[in-house]
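Residue numbers (the UniProt record's numbering), protein chains in the order written: chain A, 1 to 223; chain B, 1 to 223; chain C, 1 to 223; chain D, 1 to 223. Where is the CB? At the ideal position from N, CA and C, for every residue including glycine.
Number of protein chains: 4
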Amino acid sequence: MLPVIEQAESAAGRTSAGASDGTSTPVRPGRRRSEESRLAILTAATELLGEVGYARLTVEGIAARAGTGKQTVYRWWPGKADVLLEAVTAHARQHIALPDTGDHAADLRTFLAATFAAATPPTTDALRALMAEAQIDPAFGDRFRETLLHPRREALGTLVDRARTAGLLAPQLTTATAVDLAFGALWYRLLGTRDPLDDDLAELLTRTLLLPSATSSGSADGA
Amino acid sequence: MLPVIEQAESAAGRTSAGASDGTSTPVRPGRRRSEESRLAILTAATELLGEVGYARLTVEGIAARAGTGKQTVYRWWPGKADVLLEAVTAHARQHIALPDTGDHAADLRTFLAATFAAATPPTTDALRALMAEAQIDPAFGDRFRETLLHPRREALGTLVDRARTAGLLAPQLTTATAVDLAFGALWYRLLGTRDPLDDDLAELLTRTLLLPSATSSGSADGA
Amino acid sequence: MLPVIEQAESAAGRTSAGASDGTSTPVRPGRRRSEESRLAILTAATELLGEVGYARLTVEGIAARAGTGKQTVYRWWPGKADVLLEAVTAHARQHIALPDTGDHAADLRTFLAATFAAATPPTTDALRALMAEAQIDPAFGDRFRETLLHPRREALGTLVDRARTAGLLAPQLTTATAVDLAFGALWYRLLGTRDPLDDDLAELLTRTLLLPSATSSGSADGA
Amino acid sequence: MLPVIEQAESAAGRTSAGASDGTSTPVRPGRRRSEESRLAILTAATELLGEVGYARLTVEGIAARAGTGKQTVYRWWPGKADVLLEAVTAHARQHIALPDTGDHAADLRTFLAATFAAATPPTTDALRALMAEAQIDPAFGDRFRETLLHPRREALGTLVDRARTAGLLAPQLTTATAVDLAFGALWYRLLGTRDPLDDDLAELLTRTLLLPSATSSGSADGA
DNA sequence: GCCTAACCGAGACGGTACGTCACGTCTTTGG
DNA sequence: CCAAAGACGTGACGTACCGTCTCGGTTAGGC
Numbered sequence: 001m002l003p004v005i006e007q008a009e010s011a012a013g014r015t016s017a018g019a020s021d022g023t024s025t026p027v028r029p030g031r032r033r034s035e036e037s038r039l040a041i042l043t044a045a046t047e048l049l050g051e052v053g054y055a056r057l058t059v060e061g062i063a064a065r066a067g068t069g070k071q072t073v074y075r076w077w078p079g080k081a082d083v084l085l086e087a088v089t090a091h092a093r094q095h096i097a098l099p100d101t102g103d104h105a106a107d108l109r110t111f112l113a114a115t116f117a118a119a120t121p122p123t124t125d126a127l128r129a130l131m132a133e134a135q136i137d138p139a140f141g142d143r144f145r146e147t148l149l150h151p152r153r154e155a156l157g158t159l160v161d162r163a164r165t166a167g168l169l170a171p172q173l174t175t176a177t178a179v180d181l182a183f184g185a186l187w188y189r190l191l192g193t194r195d196p197l198d199d200d201l202a203e204l205l206t207r208t209l210l211l212p213s214a215t216s217s218g219s220a221d222g223a
Numbered sequence: 001m002l003p004v005i006e007q008a009e010s011a012a013g014r015t016s017a018g019a020s021d022g023t024s025t026p027v028r029p030g031r032r033r034s035e036e037s038r039l040a041i042l043t044a045a046t047e048l049l050g051e052v053g054y055a056r057l058t059v060e061g062i063a064a065r066a067g068t069g070k071q072t073v074y075r076w077w078p079g080k081a082d083v084l085l086e087a088v089t090a091h092a093r094q095h096i097a098l099p100d101t102g103d104h105a106a107d108l109r110t111f112l113a114a115t116f117a118a119a120t121p122p123t124t125d126a127l128r129a130l131m132a133e134a135q136i137d138p139a140f141g142d143r144f145r146e147t148l149l150h151p152r153r154e155a156l157g158t159l160v161d162r163a164r165t166a167g168l169l170a171p172q173l174t175t176a177t178a179v180d181l182a183f184g185a186l187w188y189r190l191l192g193t194r195d196p197l198d199d200d201l202a203e204l205l206t207r208t209l210l211l212p213s214a215t216s217s218g219s220a221d222g223a
Numbered sequence: 001m002l003p004v005i006e007q008a009e010s011a012a013g014r015t016s017a018g019a020s021d022g023t024s025t026p027v028r029p030g031r032r033r034s035e036e037s038r039l040a041i042l043t044a045a046t047e048l049l050g051e052v053g054y055a056r057l058t059v060e061g062i063a064a065r066a067g068t069g070k071q072t073v074y075r076w077w078p079g080k081a082d083v084l085l086e087a088v089t090a091h092a093r094q095h096i097a098l099p100d101t102g103d104h105a106a107d108l109r110t111f112l113a114a115t116f117a118a119a120t121p122p123t124t125d126a127l128r129a130l131m132a133e134a135q136i137d138p139a140f141g142d143r144f145r146e147t148l149l150h151p152r153r154e155a156l157g158t159l160v161d162r163a164r165t166a167g168l169l170a171p172q173l174t175t176a177t178a179v180d181l182a183f184g185a186l187w188y189r190l191l192g193t194r195d196p197l198d199d200d201l202a203e204l205l206t207r208t209l210l211l212p213s214a215t216s217s218g219s220a221d222g223a
Numbered sequence: 001m002l003p004v005i006e007q008a009e010s011a012a013g014r015t016s017a018g019a020s021d022g023t024s025t026p027v028r029p030g031r032r033r034s035e036e037s038r039l040a041i042l043t044a045a046t047e048l049l050g051e052v053g054y055a056r057l058t059v060e061g062i063a064a065r066a067g068t069g070k071q072t073v074y075r076w077w078p079g080k081a082d083v084l085l086e087a088v089t090a091h092a093r094q095h096i097a098l099p100d101t102g103d104h105a106a107d108l109r110t111f112l113a114a115t116f117a118a119a120t121p122p123t124t125d126a127l128r129a130l131m132a133e134a135q136i137d138p139a140f141g142d143r144f145r146e147t148l149l150h151p152r153r154e155a156l157g158t159l160v161d162r163a164r165t166a167g168l169l170a171p172q173l174t175t176a177t178a179v180d181l182a183f184g185a186l187w188y189r190l191l192g193t194r195d196p197l198d199d200d201l202a203e204l205l206t207r208t209l210l211l212p213s214a215t216s217s218g219s220a221d222g223a
């Protein structure tokens, strides 16, 4: 249950830090980036999203709420969507672990339940906005898939693959299609029906993706 | 395979109509709505969406391309998203029938395949844009769900329910969750992975939602 | 004190009525112009001007208040300014007579006082609006000068000329410049200072334009 | 002939200024107002007024001609009329001095002639438009009177008052009414007859407002 | 202990599109 | 043929944000 997925620190890059060899430590002169401003901007964006919605969320508003200049936002992020993306990925990195107990069905159920549990009101608004922006701005769409969707797919794919190797996956499914079904249900409820994402859905998905034998006695049904 | 789902003719309504009985012939005075302009706007919106993308699609641009005034767009639609919504629903109404051959598994597979076939490049752009806008503008979201998502859910729900009544549905699923899984896969591929929606996916979904016995001999595998 | 100045009946012309001889009664076919609509429009325009001001006075508003269609306004007048112009000229024609008592100084004073008296709140708003529109729309400016300013100049010019012939006019003035001074004061107060136009101003103008001898003993002071 | 009337520098004010004492040097942060844009807008407005007339003069057109954004116009002026007002007042401030030679009649004549000389084609169009707008938009009317009409009245009033104190003013006139007559003639010719404003009119007004003795020998008729 | 570089707040800049308003015209139905 | 009703193409409005470009004023090395 340990290895948390590591992701890029920030969309902006331009990191000073060098690699292991001592050759490159450019350590530029000048004032350092204000961590205070960075956090204030992430917080302001998240709060404002909840208050006014994504459509009326503006970079000007974020900067004003954060008490910074507009340029400070644009210096580090391409736009409002990337600010939210950083806020969300930071949150996801903290809360969703990749379990490995040996019980592949239970691991899958646990991971899905944790994923769904992380998709609660402060975050769901951001997720819906990000997926929307990804459709509208292709360049952001690439960053969004790269930073958020792919890592999540890989995490779930790892678990599904373990089950498949153990012969527990339903025969008509590949790892990729199983992941499609699971995240499909997640996103469809987020975007389309807005029904809640609860533990029942995690259980239902686990039983649908795996063979009956993998789940019937192994965990839920018992005896 | 007959009953095509009927939906609202237009966002505007206000038809003069009058049934066979002589009671209602309101026939207002004044110039009639220009059908020519209406079609020109729908066409222009669809074309421009393909050419410049949703972000750079503007009401001004639609009106200019259609050779109409901006006000004529705003008179009949709340914004660019609703124009696209009308264009898409008209398309969906024409192309997706609700089959009823008695073979519930085959009907389901046919319906899904037809649904996926309708989601091809001219239309996919619009669908992705509409789902995006639905996240961003809550009021449009309601209209979108009402006019597009719900009717599609009901259509698929009807087929799934027939299978469920015949005892073919996988036991852990309800009609609603089965529909969630099918449309979840559809939308997730549209929005997230952008993988193609092909007949294989229709087959895979049918086999995953229904019991093995319903599909193994009934249609694909055959005796 | 009799001869009221005759002016054009309407800016639109196209009158059917024939002269006294029976030869010309062209009596065109079709529905006749509605006198009811015409008066309703003139009344509505005057009322609305007082209520919302000239800037927010619109042809649509006039038609709506008058209970007519917009086209009925445009059929008979070029725009809102001409509607007001007709309303004002009708009013002026009724109330300002051209006196001729033999006492030229008194006639002048009487005429100016009557002119000023006619320029009271319901009418001043219209006059100011018309003069404004005349500056902005050159074509209307021509009609405005033709229909309103010139006839008024001619009326006053007649009186001044009588005084000049009698040797009462101040020697440095011509008829034209005397009229300029009188109407200049009138319009400047209307447009610029918005001070009241009272009998004192009529008296002051009379004494300034005429020789002292013409007014000191001749009429007011009296011997 | 020295003291030119000082008026507000700009509609915007908000000068950093600071008197000689070190207490007040507010020097706000942020980018400074672009003097280049300000002049380009004033020039563009004046040029376009001459080319297309006030009715077809638009803020959009001014901004386009000036090479600025529309918002930059609206940031500093309420509308097109105020742009013209600033252009005109700057012009008036430069060209009309207040003479004081001791010969009150000559001073009056000189001032009027200078005023009339400043009212030539580039400027007359603007003056007529401004007076028109002042009738149509009451709020602008207040600004117009405040910044243009009142200062001009005060300047002329000062000269007239000197003449009155010296006993040269025609007895029936007050300072205010004398000013009314002079500016009345000016504006009436501008707006109504559009006759030229020449030196003859300056002479005529001087002789009409002052006693014959003040002008007969003093300047024109002369020895 | 400067110098130089980079970041910070603030806010004006040139733009684009918004959604609204009114214009003056055109097209209906009906007197 | 006129009148009401009302949709049409048009064009400007004033606003909101966009993303960029100055400003004066901090912070930090490096020399």
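| query | result |
| --- | --- |
| Rounding to the nearest angstrom, what Cα-Cα distance links Asp180 of chain B and His150 of chain A in this structure? | 22 Å |
| Grab the span of the alpha helix (DSSP H) containing Trp77 of chain D for me, first residue to last. | Segment: none, Trp77 of chain D is in no alpha helix (DSSP H) and carries neither H nor E. |
| Please state the DSSP three-state secondary structure of Leu108 of chain D. | helix |
| According to DSSP, simplified to helix, strand and coil, what is Leu190 of chain B? | helix |
| Look at the alpha carbon of Ala214 of chain B and the alpha carbon of Ala87 of chain A, and state the distance between them as a whole number of angstroms. | 46 Å |
| Residues of the segment 72–87 of chain C with a CB closer than 7 Å to any CB of chain D: list them in chain order, please. | none |
| Which stretch, first to last residue, makes up the alpha helix (DSSP H) that contains Asp195 of chain B? | No alpha helix (DSSP H) holds Asp195 of chain B; DSSP gives it neither H nor E. |
| Under a three-way DSSP split, which group does Asp21 of chain A fall into? | Reliability of the predicted coordinates at Asp21 of chain A is poor, the pLDDT of 43 falling under 50, and no value is obtained from them. |
| Would you grab the beta carbon distance between Thr208 of chain D and Gln172 of chain C for me? Rounded to a whole angstrom, and I think it's under 8 Å. | 6 Å |
| Between Arg143 of chain D and Leu85 of chain D, how many whole angstroms is the CB-CB distance? I'm expecting something under 8 Å. | 7 Å |
| Determine the DSSP secondary structure at Leu169 of chain B, reduced to helix, strand or coil. | strand |
| Quick check on Leu57 of chain C: does DSSP put it in helix, strand or coil? | coil |
| Could you tell me whether any Cβ in chain D is nearer than 8 Å to the Cβ of Arg189 of chain C? | yes |
| Since Trp187 of chain C and Tyr54 of chain D should fall inside the 8 Å C-beta cutoff, what is the C-beta to C-beta distance between them, to a whole number of angstroms? | About 19 Å; that fails the 8 Å criterion. |
| Kindly identify the DSSP beta-bridge partner or partners of Leu210 of chain C. | C:Leu169 |
| Around the C-beta of Glu133 of chain B, are 16 or more other C-beta atoms found within 10 angstroms, so that it is buried, or is it exposed? | buried |
| Comparing the C-beta of residue 268 of chain A with each C-beta of chain B, is any distance below 8 Å? | In the structure displayed, chain A extends from 1 to 223; residue 268 of chain A sits before or after that span and is not available. |
| Beta-carbon separation of Leu210 of chain A and Leu159 of chain A under 8 Å? | no |
| Counting only beta-carbon separations shorter than 8 Å, does Ala55 of chain D have a partner in chain C? | yes |
| Apart from the five residues on each side of it in sequence, which residues of its chain come closer than 6 Å, Cβ to Cβ, to Thr157 of chain B? | What sits at residue 157 of chain B in the sequence shown is Gly, not Thr. Taken in chain order, the residues that qualify are Thr175, Val179. |
| By a C-beta neighbour count over all protein chains shown, 10 Å radius and 16 as the cutoff for buried, is Ala166 of chain C buried or exposed? | exposed |
| Is the separation between the beta-carbon of Ala40 of chain B and that of Thr58 of chain B shorter than 8 Å? | no |
| When the Cα of Thr177 of chain C is compared with those of D:His95, D:Leu201, D:Ala155, which residue comes out closest? | D:Leu201 |
| On the three-state DSSP scale, how would you describe Pro138 of chain B? | helix |
| How big is the Cα-Cα spacing for Pro122 of chain A and Arg128 of chain A? | 11 Å |
| Would you identify the three-state DSSP class for Arg31 of chain D, choosing helix, strand or coil? | coil |
| Please look up how many angstroms separate the CB atoms of Ile62 of chain B and Ala44 of chain B, rounded, as I've assumed it's under 8 Å. | 5 Å |
| Run through chain C and tell me which residues come within less than 8 Å of Gln94 of chain D, C-beta to C-beta. | Neighbours of Gln94 of chain D on chain C: none; closest Cβ ~23 Å, over 8 Å. |
| Does the distance from the CB of Arg38 of chain C to the CB of Trp76 of chain C come in under 8 Å? | yes |
| 8 Å is my cut-off, CB to CB: does Phe111 of chain D come that close to chain C? | no |
| Examine chain B for any beta-carbon lying closer than 8 Å to the beta-carbon of Thr120 of chain A, and answer yes or no. | no |
| Applying a beta-carbon distance threshold of less than 8 Å, which residues of chain C neighbour Arg128 of chain D? | Gln135 |
| Helix, strand or coil for Pro121 of chain B, going by three-state DSSP, please let me know. | helix |
| Please report how far the alpha carbon of His95 of chain B lies from the alpha carbon of Arg153 of chain B, in whole angstroms. | 16 Å |
| Please work out which residues of its chain come closer than 8 Å, Cβ to Cβ, to Arg145 of chain D, disregarding the five sequence neighbours upstream and downstream, and give them in chain order. | Ala134 |
| Go ahead and label Asp82 of chain B buried or exposed: buried means 16 or more other beta carbons lie within 10 angstroms of its beta carbon, across all protein chains shown. | buried |
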